[in-house]
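Data first, discussion second: the structure below is written as structure tokens.
Number of protein chains: 2
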Amino acid sequence: MVSHSPIQKSASEIPEEIAGLRMTRQRQEIYRLLIEHRDHPTANEVFMRAKDQLPNISLATVYNCLEALVQHGIIRQVNFERESSRYCPNLREHGHFHDAMTGVIHDVDFKPGVNLSDVLDLPPGAVIEDIEITLRGKLIAS
Amino acid sequence: MVSHSPIQKSASEIPEEIAGLRMTRQRQEIYRLLIEHRDHPTANEVFMRAKDQLPNISLATVYNCLEALVQHGIIRQVNFERESSRYCPNLREHGHFHDAMTGVIHDVDFKPGVNLSDVLDLPPGAVIEDIEITLRGKLIAS
DNA sequence: CCGATATCAAGAATTATTCTAATTATCGTT
DNA sequence: AACGATAATTAGAATAATTCTTGATATCGG
Chain Z
1 MVSHSPIQKS ASEIPEEIAG LRMTRQRQEI YRLLIEHRDH PTANEVFMRA KDQLPNISLA
61 TVYNCLEALV QHGIIRQVNF ERESSRYCPN LREHGHFHDA MTGVIHDVDF KPGVNLSDVL
121 DLPPGAVIED IEITLRGKLI AS
Chain L
143 MVSHSPIQKS ASEIPEEIAG LRMTRQRQEI YRLLIEHRDH PTANEVFMRA KDQLPNISLA
203 TVYNCLEALV QHGIIRQVNF ERESSRYCPN LREHGHFHDA MTGVIHDVDF KPGVNLSDVL
263 DLPPGAVIED IEITLRGKLI AS
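Chains Z and L supply the protein sequences, listed in that same order. Note that this note's numbering has the first sequence beginning at 1, numbered continuously upward. Note that this note's numbering has the second sequence beginning at 143, numbered continuously upward.
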């Protein structure tokens, strides 16, 4: 009793292919959902949300889709300590601030013109392929 | 058949208490080992090394000790993506560069005088309690 | 030395994630 | 539109790191 309809993009405006990745119904829905509420959900949170639109989706598929999207550079995987991975459609180079009180995660941009090698004492010859900056703290009412 | 001898520190020069944490034989050995080769071992690597001196030590104890040391700010726990946690006795505020070719992890210091808020666009009112900066890349012979 | 408390050890339990195998969908070709 | 090839999805089993549980040991203060 699974839908046999072809990929539908009309409502969501998500194309049939992104960065060489075929956007199946499931990938589309997961991507749409990440874009629509950008609150850095875990795979399991994505799974629960996706079930509204795709009641038959499985958690394995959510993991598969998230991995495919990450591999193709369409979304980013974010890790905090040893917690479940979270997923983020913001492709700008940025870090994350994790509010320990509320659990809310804020994207943190670099100030314009900042160059990593001005800030960090990198080993000579280091070619950076990926950066992960995560901050944990409190947000004080100011 | 477990040793009943009291804490011995003579050889290692590690005091009986650090930062309010009682340095038992196991904690002492684990700490010594981290200081002696600073290669960011995993809990399991620490376990294997610790067995040379403490053949009866258990993996659970290694985890307990590492956690106690981390909780008391004596060592730091370092995470790369979803890999096993690694442990590091370097308490300076620093990041890590993970050489994807060799797997070697290099400590990366901040350049002197750098202030995080000059570099990052932090949310207003953010009070940072912990920073984790991890870089992944290659080391090119220069 | 004695009881109270902390630590340790062994193995079971947990949890996020990955793997496996079978089904289903899609694509390019007729 | 049907066909075979390939890719994606599903459900559930398997894995791996870590945490928990419970009983034994060790240490501390008196």
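Positions of the beta carbon are idealized from the N, C-alpha and C atoms, including for glycine.
Is DSSP giving residue i helix, strand or coil here?
i	result
residue 228 of chain L	strand
residue 24 of chain Z	coil
residue 196 of chain L	coil
residue 348 of chain L	No information on residue 348 of chain L is available, as it lies outside the stretch 143 to 284 that chain L covers here.
residue 191 of chain L	helix
residue 32 of chain Z	helix
residue 10 of chain Z	With a pLDDT of only 37 at residue 10 of chain Z, under 50, the local geometry of the prediction cannot be trusted, and no value is derived from it.
residue 135 of chain Z	strand
Residues in its own chain within less than 8 angstroms of residue i by CB, not counting five upstream and five downstream?
i	result
residue 78 of chain Z	40, 85, 86, 87, 88, 96, 105, 132, 134
residue 35 of chain Z	89
residue 51 of chain Z	57
residue 243 of chain L	280, 281
residue 218 of chain L	212, 229, 230, 231, 232, 233
residue 257 of chain L	none
In chain order, what residues of the same chain have a beta carbon less than 6 angstroms from the beta carbon of residue i, not counting five sequence neighbours either side?
i	result
residue 65 of chain Z	26, 27, 30
residue 53 of chain Z	29
residue 98 of chain Z	80, 105, 136
residue 62 of chain Z	43, 46, 47
residue 191 of chain L	175
residue 201 of chain L	189
residue 83 of chain Z	none
residue 259 of chain L	none
Considering only residues of the same chain and omitting the five flanking positions on each side of residue i, which have a CB-CB separation below 7 angstroms?
i	result
residue 235 of chain L	252, 273
residue 10 of chain Z	Caution is warranted here: a pLDDT of 37 is assigned to residue 10 of chain Z, below 50, making its placement in the model unreliable, and no coordinate value can be reported.
residue 127 of chain Z	none
residue 271 of chain L	none
residue 245 of chain L	none
residue 74 of chain Z	18, 19, 21, 31
Query raised in the report: In the stretch 215–273 of chain L, which residue ranges form an unbroken alpha helix (DSSP H) of at least 4 residues, counting only runs that do not cross its ends?
Result: 258–261
Query raised in the report: Three or more C-beta pairs closer than 8 angstroms, one from the stretch 249–256 of chain L and one from the stretch 207–222 of chain L: is that the case here?
Result: no
Report task. With 8 angstroms as the C-beta to C-beta threshold (strictly closer), list the residues of the stretch 119–130 of chain Z near chain L in chain order. Result -> 119, 120, 121, 122, 123, 124, 125, 126, 127, 128, 129, 130
Query raised in the report: Is there contact here, the stretch 115–123 of chain Z with the stretch 158–178 of chain L, by at least three beta-carbon pairs under 8 angstroms?
Result: no
Requested in this report: Quick one: which residues of the stretch 193–215 of chain L get their C-beta closer than 8 angstroms to a C-beta of chain Z? List them in chain order.
Outcome: none
**Report entry** Cβ-based contacts, 7 angstroms cut-off: residues of the stretch 245–258 of chain L near chain Z
**Finding:** 248, 250, 251, 252, 253, 256
Query raised in the report: Using a beta-carbon distance cut-off of less than 7 angstroms, what residues from the stretch 181–193 of chain L approach chain Z?
Result: none
Requested in this report: Compile a chain-ordered list of the residues in the stretch 165–176 of chain L whose CB is closer than 8 angstroms to at least one CB of chain Z.
Outcome: none
Report task. Please name the residues in the stretch 79–97 of chain Z whose beta-carbon is closer than 7 angstroms to at least one beta-carbon of chain L, in chain order. Result -> 79, 81, 82, 85, 95, 97
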